[in-house]
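Notes to accompany the following structure.
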Amino acid sequence: MAQETYFYGQGEIDAAPIVNGVLGKWRWIQDVSAMSIQLAVEKVEHKESYSGQKALVRSFPIGKTATVSMTLHSIDPDNLALTLYGKVVTKAAGSVTAEALPADLVAGDVIRLANPGVSELVITDSASSPAPLDPQYYALRADGAYGEVQLLGLPTPAPTQPFKAAYEYAATRQVGMFTAPQPTIALRYKGINLAEGGAPVIVELFKVATDPLQELALISDGNTVAGMQISGGILLDTSKPDTGDLGRFGRIIQLG
251 MAQETYFYGQ
261 GEIDAAPIVN
271 GVLGKWRWIQ
281 DVSAMSIQLA
291 VEKVEHKESY
301 SGQKALVRSF
311 PIGKTATVSM
321 TLHSIDPDNL
331 ALTLYGKVVT
341 KAAGSVTAEA
351 LPADLVAGDV
361 IRLANPGVSE
371 LVITDSASSP
381 APLDPQYYAL
391 RADGAYGEVQ
401 LLGLPTPAPT
411 QPFKAAYEYA
421 ATRQVGMFTA
431 PQPTIALRYK
441 GINLAEGGAP
451 VIVELFKVAT
461 DPLQELALIS
471 DGNTVAGMQI
481 SGGILLDTSK
491 PDTGDLGRFG
501 RIIQLG
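Every position in the sequence shown, counted from 1, becomes a number in the working numbering once 250 is added.
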């Protein structure tokens, strides 16, 4: 009697970019709580008209479709770029010497600086001989993380505006929306089948074109962390031989 084989999967998923047909470096996309593959065919079906039953007499496929969907919990720029159609931009830490602030500021106003991660802030006036504003009259909000400063008050006589800000800012990694072509990637699932004593299983998807992000919950409640849904079409990989036993879409590997 054949031995039953059950599946309860966990595991790691790696992704590699495909640019101009060339496979790039693999990287782990970190915590993925769900991954599924869906296959479908487009069919022609014909029902006969002679028996009074309108019975199906022909059904055959004329097209094939495969898709993949995943839920990622590592919301970092590299993963966001897969579904925002963006490019990751790295900006080094630096400094600003004379960023002009809005004119006619009054006590209580909040000013957003051009950079986040602000430290060592000094504000000066626009007098012919610029003088620094006493730090008691302004404060960085959230320790400068968001690049916001609040004006707490003004001395008497009022200094000449617009004020100018000098500060240091932290390094950042950013990704824009719809700033790059649709990503094409390869995926490799390195699975652990808990239902069969942790047996390894590998799933390879040769070529996936990711879809735009459908939703990313930025305000969370309840007792679960946010997840980012990534989906895409599994494309025909024409770099693979069309006569191979394992096809040109992907493969599932069971060891042993």
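Every residue gets a Cβ at the ideal spot worked out from N, C-alpha and C, and that includes glycine. Since this is a predicted model, take the numbers as computed values, not measurements.
Residue environment for residue 265: buried (at least 16 other C-beta atoms within 10 angstroms of its C-beta).
Taking C-beta separations shorter than 8 Å and ignoring five residues to either side along the sequence, the partners of residue 281 in its chain run 322, 323 and 324, following chain order. Around the beta-carbon of residue 436, 16 or more other beta-carbon atoms lie within 10 Å, marking it buried.
Here the stretch 326–337 lies against the stretch 478–487, with 3 or more beta-carbon pairs under 8 Å apart. If you ignore the 5 residues before and after residue 384, its C-beta comes within less than 7 Å of the C-beta of 405, all in its own chain and listed in chain order.
Taking one beta carbon from each stretch, the stretch 256–264 and the stretch 437–444 have 3 or more pairs nearer than 8 Å; the two touch. Boundaries for residue 466: no beta strand (DSSP E) harbours it, and the DSSP string shows neither H nor E there. Around the Cβ of residue 372, a 10 Å sphere holds fewer than 16 other Cβ atoms; the residue is exposed.
As for any alpha helix (DSSP H) of minimum length 4 sitting wholly inside the stretch 327–371, the runs are 327–334, ordered along the chain. Take the alpha-carbon of residue 418 and the one of residue 271: they are about 42 Å apart. Assigned with DSSP and collapsed to three states, residue 391 falls in helix. Its chain contains 316 as the residues whose beta carbon lies nearer than 6 Å to that of residue 289, once the 5 sequence neighbours on both sides are disregarded; these appear in chain order.
Runs of the beta strand (DSSP E) lying entirely within the stretch 257–331 and spanning at least 3 residues, in chain order: 259–269, 282–297 and 306–322.
By the neighbour-count criterion, in which a residue is buried when 16 or more other Cβ atoms sit within 10 angstroms of its Cβ, residue 409 is buried.
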